[in-house]
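Trainee: In the numbering used here, the protein residues as written are -13 to 235.
Beta carbons: idealized from backbone N, C-alpha and C, even for Gly.
Fair warning: this is a prediction, and the values are worked out from it, not measured in the lab.
One structure, pasted below without further comment.
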Ligand code: SF4
Ligand code: SF4
Ligand code: SF4
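Here it is as C-alpha cells:
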C-alpha cells in the first residue's frame, strides 16, 4: 500500500522545529515506514509539486508572498498541520505586532527598510484552515508523534487545555517558585510533559495560554512570592504578546 505523501514547509522561523524532527534518531526510521517524505528542505533537496496527503507548516506568515504560498500549499494538501509556536501562536514573531510596522522595519533594516516588504505577523490558522496543531518552541517530539498518529488514523488530536503545572506536579518536580524563580506553568497550556522544568528550567509559556487561566490563583501566587505583575507580564509577552494569534483563545 502506498504511504501517505508528507511535506515540510518553513515560513518565518528559526527552523528549530524541523531540526527536532531531523534529530529524532531511531524513531524517525519507524515513522518513515509509515509515511513518504517528499519535501523537507532541511534534510533533502527534492521538491514536490503534486497533491499532498499531509503538509506540515513551520513558521508564521508575515509577507504577502507568504500568504500566497501558504494558500497554494493548502489547496493541494488533504491535511495541514501547524508545527511550533511560530506557526500556531505567532511565537516570538508575534512581538512585532505590538509596534508600528515602520518602526520595526527601520529598527531591523535601517535605511534599507523600504526594500523589505513586511506585514503584521499571522499564525497559520489566520490565513488558511489548520487541521492539527503541535505547539511548542521547539515542538515536543512525543507530542509530534502523537499528532502524526492521529493524522494517520484520521482521528482528532485534542490539545490539552490545562496548565503545565498539572504535568509538572505529576512528575514530582519541586516548584520553581519554591526555589525563588518565576515560572509561567500556571497559565500555560500543557502537552510538553513540563519539559523545561524537568530539565531544570522554567516554563516560558511557549505553548500559549490555557483558554481559561486561573487569574485569581495566579494573583495569589504572585502575592505570596512577593512578585510584581509587571515582572510576570514581561515574561509572558515573549510568546503571548498578541493573544489574537492563539487559535484556542
Ligand atoms: S517555534 Fe521556536 S524552535 Fe520552532 S521554528 Fe519557531 S522559533 Fe524556531
Ligand atoms: S509553577 Fe512551574 S515549577 Fe511550579 S508547579 Fe507550575 S510548572 Fe511546575
Ligand atoms: S515547559 Fe513551558 S516553555 Fe517549556 S516546552 Fe513546556 S510550555 Fe514550553
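(1) Return yes when the Cβ of residue 233 is within less than 8 Å of the Cβ of residue 204, no when it is not.
(2) Is the separation between the beta-carbon of residue 159 and that of residue 188 shorter than 8 Å?
(3) Any heavy atom of ligand 1 closer than 7 Å to the beta-carbon of residue 78?
(4) Any contact of the stretch 143 to 150 with the stretch 98 to 116, i.e. 3+ C-beta pairs under 8 Å?
(5) Can you grab the Cα-Cα spacing for the pair residue 200 / residue 211, in whole Å?
(6) May I ask whether a heavy atom of ligand 3 can be found less than 7 Å away from the beta carbon of residue 183?
(7) Quick check on DSSP: helix, strand or coil for residue 139?
(8) What are the start and end residues of each continuous alpha helix (DSSP H) run of 4 or more residues lying completely inside the stretch 139 to 224, in chain order?
(9) With DSSP collapsed to three states, give me the class of residue 227.
(10) For residue 122, which of helix, strand or coil comes out of DSSP?
(11) Hey, residue 67 and residue 47: beta-carbon distance below 8 Å or not?
(12) Could you check where the alpha helix (DSSP H) with residue 71 kicks off and where it finishes?
(13) Our contact map puts residue 61 next to residue -9 with C-beta atoms below 8 Å; I'd like the distance itself, whole angstroms only.
(14) Could you compute how far the alpha carbon of residue 121 sits from the alpha carbon of residue 213?
Mentor: So, to answer that:
(1) no
(2) no
(3) yes
(4) no
(5) 17 Å
(6) yes
(7) coil
(8) 150 to 156, 181 to 184 and 201 to 210
(9) coil
(10) strand
(11) no
(12) 71 to 75
(13) Not really, about 15 Å apart at Cβ, beyond 8 Å.
(14) 28 Å
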